[in-house]
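Take a look at the structure below.
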Amino acid sequence: MRHLRYFCFCLLAALLLFSCGPTASTSEQTFGTISFSLDTVMVDPGDEILNLKYGLFVSDLSEDKRFLYFWDPDNALINEIDLDALALRNQYRFEKEGPDGVGNTFVHSLNCYEEGFLIASFGARGYFSKAGKKLKDFRVQAESYAGDAQDLGQEYDHNPIVYANETKYVGLVQDWFSGTFALVLTDNEQRVRHKVVLPEIETLPDYTLMLRSDDLIEVQGSDKKLQRVGHQVIFSNSTYADLFVFDLLTDSMRRVSYRPTLTAAQKKGGYPKEVSSKKEMEDLWEQIHGEINFLPPLWDAERSLYYRLSYTVHKNPAYLPEVENAKKYTYRVYLTVLNSDFELVAESELAGMPFVPRRSIVKDGMLWSEINIDDELGFQRIRFDFGD
Numbered sequence: 056m057r058h059l060r061y062f063c064f065c066l067l068a069a070l071l072l073f074s075c076g077p078t079a080s081t082s083e084q085t086f087g088t089i090s091f092s093l094d095t096v097m098v099d100p101g102d103e104i105l106n107l108k109y110g111l112f113v114s115d116l117s118e119d120k121r122f123l124y125f126w127d128p129d130n131a132l133i134n135e136i137d138l139d140a141l142a143l144r145n146q147y148r149f150e151k152e153g154p155d156g157v158g159n160t161f162v163h164s165l166n167c168y169e170e171g172f173l174i175a176s177f178g179a180r181g182y183f184s185k186a187g188k189k190l191k192d193f194r195v196q197a198e199s200y201a202g203d204a205q206d207l208g209q210e211y212d213h214n215p216i217v218y219a220n221e222t223k224y225v226g227l228v229q230d231w232f233s234g235t236f237a238l239v240l241t242d243n244e245q246r247v248r249h250k251v252v253l254p255e256i257e258t259l260p261d262y263t264l265m266l267r268s269d270d271l272i273e274v275q276g277s278d279k280k281l282q283r284v285g286h287q288v289i290f291s292n293s294t295y296a297d298l299f300v301f302d303l304l305t306d307s308m309r310r311v312s313y314r315p316t317l318t319a320a321q322k323k324g325g326y327p328k329e330v331s332s333k334k335e336m337e338d339l340w341e342q343i344h345g346e347i348n349f350l351p352p353l354w355d356a357e358r359s360l361y362y363r364l365s366y367t368v369h370k371n372p373a374y375l376p377e378v379e380n381a382k383k384y385t386y387r388v389y390l391t392v393l394n395s396d397f398e399l400v401a402e403s404e405l406a407g408m409p410f411v412p413r414r415s416i417v418k419d420g421m422l423w424s425e426i427n428i429d430d431e432l433g434f435q436r437i438r439f440d441f442g443d
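In my numbering, the protein residues as written are 56 to 443.
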């Protein structure tokens, strides 16, 4: 039997020190010395049991950042966590099959709205009420649309950004086998789907690695991310610092370029597309991730700043495979701070962090990172002190 594995490597880090720099306005914004404090908080599940086998892999945050929702695939339910109270508030149950089914395949993305959820699995995408009723089918029937995106197929990789009173979607469509992708805009009123041009993206490096064997196809590629901040959608890629910003008010795209001084601005590129052994795949992975890797920018609405973290991966010379929980790799983590116009205002290497946060959010001036302690959900929180 042939299996397909997709690998996305996303490591988030926290903030220690950074220097000052100019903002977009005519005045200067100056940061003092920045320190951080770390604490760990636990979520009270009440009488329920939270299934943490898959972590928060499929999750979303409410617009006010109070509620975190995450999908439990074993029980086909969504857990609602109150981050203010640090407690489980609700569990919303769904059917896998039938007219109200979310699909009997792997659910890969979840978006929360005030009255319900947009849930997508392979071959199915719909808007559901919190009572589990399917209110709208969001699958795109490509054959009923005109435009230049017809050759890409009809399904978005994850839930697209829905806007303009649900008449338009914008999202990524990728072909992992060929290593190609496109940003696709679907206009339901005009019945048109077209590719959104990413200015001069062909000048930037990217990669897809494939290992073929008799019973396995393994694919690894760069981490591409779409995220909405206000009326803008930000496209980022782990291979380079440049960002592409799509304006939902005008359906226009622009490229944002800034140049970090502590790291390279992009990977070297030029990697082979196919390898013949797991050892070759591992060696190439180490080479690629030994170069700089960029994470999506995190928006801090209170300070009107983006925190963008980047990192390099290094073999741990003290690693011994026979030692339990030994770390094979170490990381060097860097912070770049951008203002609301995506201009670089500060940067620093983050030395001495005790862990690398994953799938983090910014809430209440802190970076929240999930942690599993004895099968109980908790968060490690980093509070920033700007000293200004």
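Using N, Cα and C, we set each Cβ at its ideal position, and we do this for glycine too.
If you're wondering where the values come from, they're calculated on a predicted model, not measured in any experiment.
Whole-angstrom distance between residue j and residue i, CA atom to CA atom
| i | j | result |
| --- | --- | --- |
| N220 | R283 | 16 Å |
| P77 | E402 | Any reading at P77 must be qualified, since the residue scores a pLDDT of 30, below 50, and its modelled position is unreliable; the value itself is stated next. If I take the Cα positions, the gap works out to 12 Å. |
| V195 | E210 | 7 Å |
| V225 | F301 | 9 Å |
| L350 | E357 | 21 Å |
| R309 | N394 | 16 Å |
| A131 | T160 | 11 Å |
| Q229 | G276 | 11 Å |
| F112 | F125 | 8 Å |
| S74 | N371 | Because S74 sits at a pLDDT of 33, beneath the cut-off of 50, its placement in the model cannot be relied upon, and the following sentence gives the value as read from the coordinates. Cα to Cα, S74 sits roughly 30 Å from N371. |
| G420 | L116 | 16 Å |
| V96 | F434 | 5 Å |
| L390 | L364 | 5 Å |
| P376 | T385 | 15 Å |
| V252 | V378 | 50 Å |
| N214 | A186 | 20 Å |
| F232 | G158 | 24 Å |
DSSP beta-bridge partners of residue i
| i | result |
| --- | --- |
| Y361 | W354 and L393 |
| T367 | R387 |
| V251 | L238 |
| Q146 | N134 |
| G156 | E150 |
Extent of the continuous alpha helix (DSSP H) run through residue i
| i | result |
| --- | --- |
| M265 | Careful: M265 lies outside any alpha helix (DSSP H), inside the beta strand (DSSP E) at T263 to R267. |
| I428 | Taken as a continuous stretch (DSSP letters only), I428 belongs to no alpha helix (DSSP H), being part of the beta strand (DSSP E) at M421 to I428. |
For residue i, three-class secondary structure by DSSP
| i | result |
| --- | --- |
| I104 | coil |
| Q205 | helix |
| W231 | coil |
| I256 | helix |
| H213 | coil |
| L339 | helix |
| S199 | helix |
| K333 | helix |
| G433 | strand |
| G345 | helix |
| Q321 | strand |
| G407 | coil |
| L173 | strand |
| F62 | Per-residue confidence for F62 stands at a pLDDT of 29, beneath the threshold of 50, marking its modelled position as unreliable; no derived number is given. |
| K188 | coil |
| Y124 | strand |
Heavy atom of the ligand PLP within 8 Å of residue i beta-carbon
| i | result |
| --- | --- |
| H249 | As for the ligand PLP, it is missing from this structure, which has no ligand bound. |
Terminal residues of the beta strand (DSSP E) in which residue i lies
| i | result |
| --- | --- |
| G276 | L271 to G276 |
| E169 | No beta strand (DSSP E) holds E169; DSSP gives it neither H nor E. |
| M308 | S307 to V311 |
| E135 | L132 to D137 |
is_contact[residue i, chain C] using C-beta, thresh 9 Å
| i | result |
| --- | --- |
| G181 | Of the protein chains in the structure, only one exists, and it is not chain C. |
Whole-angstrom C-beta distance between residue j and residue i, which should lie under 8 Å
| i | j | result |
| --- | --- | --- |
| N134 | L143 | 6 Å |
| R248 | T241 | 5 Å |
| L422 | S415 | 5 Å |
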